[in-house]
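Protein sequences, first through last, are from chains A and B.
Its first residue numbered 375, the first sequence is counted upward by one per residue in the working numbering.
Its first residue numbered 375, the second sequence is counted upward by one per residue in the working numbering.
First the structure, in the form of structure tokens, and then the observations on it.
Protein chains: 2
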Amino acid sequence: MSLEQEIKQTRPFKSNYEKALVNIMFTNNWIHFKQNKYLKPFDISIQQYNVLRILNGQKDQPITINEIIDRMLDKMSNASRLVDKLYAKGYVSREQKVGNRRACDVTITPKGISFLEDVTKSIKGIEKDMNSLSEVEFDELNRLLDKIRK
Amino acid sequence: MSLEQEIKQTRPFKSNYEKALVNIMFTNNWIHFKQNKYLKPFDISIQQYNVLRILNGQKDQPITINEIIDRMLDKMSNASRLVDKLYAKGYVSREQKVGNRRACDVTITPKGISFLEDVTKSIKGIEKDMNSLSEVEFDELNRLLDKIRK
DNA sequence: TTGTAATATATGTAAATACATATTTCGGAT
DNA sequence: ATCCGAAATATGTATTTACATATATTACAA
């Protein structure tokens, strides 16, 4: 369905620029809603899921809170409290970094890895809801989004 | 800058699909951050701003809470409390609908209209930060985003 | 060494979000 | 008329977000 129909907008957008702005936000909410739906049974928030994925990408290589923030999509979030939550669930370990008592080393635990595998398996469902673009189109979409941020 | 660099991702994405998912979310956060920056001086949240724009689009035609939800980007939000906030600031009026005492008519006030004009003038600044795509490219981006949601 | 700024993280908090649930009113069916 | 389910909005509340600020540690200059 076209964006205009989805948000019941009667008059057309002033420009493609303006529509694109709204379109990105609307599509993001659309994705967010789906992700939430798939994550809900696992009792984990999207932000926590993303942090866990970052840690998983590091394999057994520890990473500091600051490095997590660097890699996060939403830089504003409170990484240390997100790590708290994951720690409470036993999905990550956290210990003082040797040689720098300010920083701390965060690593995903085996429990975290296996949990993430389960979630990832389930969340593949989104892919089925989003298979309308060809590989070439996805590529073009990525090019445009990269370019929009200059 | 490429997405991979922005989020310091060392290994490449598994697919263009997966990158697109992350790219939409990242770009949305990027826009969100900018919008917040421009809205901050006006002491209004993005959601409130969007509701005000919906009401403005109606001109003097009143609209119910349910119709606002229909037109919102984020359907999950609490439209009635957003309207509360705008009402408290004097930007909207709200009265019981004639013929249906459940529903209520919400309209933007002259104060709301003039406030929105000020905000819109300021928020044009984002446009300057986002002028890297041509009209044709914005059009193509819109086509792809519309299509991704089937 | 001592003071000062920078770094890394943690904490406090007001507001917003995501839901669940309640309240009021309306539209039929019986 | 009255009962019942649906509709429209309001309210409750746990969690998350967006910041500001605090704490602790380090680096470095004088």
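Virtual Cβ for every residue (Gly too), placed ideally from N, Cα, C.
Within 8 Å, strictly: CB atoms of residue 464 of chain A and residue 485 of chain A: yes
Closer than 7 Å at the beta carbon, the chain A residues around residue 518 of chain B: 507, 511, 514 and 515
Terminal residues of the beta strand (DSSP E) in which residue 467 of chain B lies: 466-471
Sequence-distant residues of the same chain with beta carbon closer than 6 Å to residue 479 of chain A, five excluded per side: 436, 469 and 471
Distance, residue 477 of chain B Cα to residue 400 of chain A Cα: 26 Å
The alpha helix (DSSP H) enclosing residue 438 of chain B, as first and last residue numbers: Element bounds for residue 438 of chain B: n/a, residue is neither H nor E.
Partner residues on chain A for residue 401 of chain B, Cβ-Cβ distance less than 9 Å: 398, 402, 519, 520, 522 and 523
Segment contact, 8 Å Cβ cut-off, at least three pairs: the stretch 400-416 of chain B with the stretch 389-398 of chain A: yes
Span of the alpha helix (DSSP H) around residue 479 of chain A: Looking at the DSSP string, residue 479 of chain A is not in any alpha helix (DSSP H); the run it does join, the beta strand (DSSP E), is 474-482.
Residue 386 of chain B: CB within 7 Å of a non-hydrogen atom of the ligand FAD: You won't find the ligand FAD in this model; it holds no ligand whatsoever.
Interface positions of the stretch 425-438 of chain A facing chain B (Cβ-Cβ less than 8 Å), listed along the chain: 431
Closer than 8 Å to chain B by CB, residue 498 of chain A: no
Residues near residue 467 of chain B by beta carbon distance below 6 Å, same chain, minus five either side: 481 and 483
C-beta atoms of residue 424 of chain B and residue 447 of chain B nearer than 8 Å: yes
Distance between residue 475 of chain A and residue 510 of chain A (C-alpha atoms, nearest Å): 48 Å
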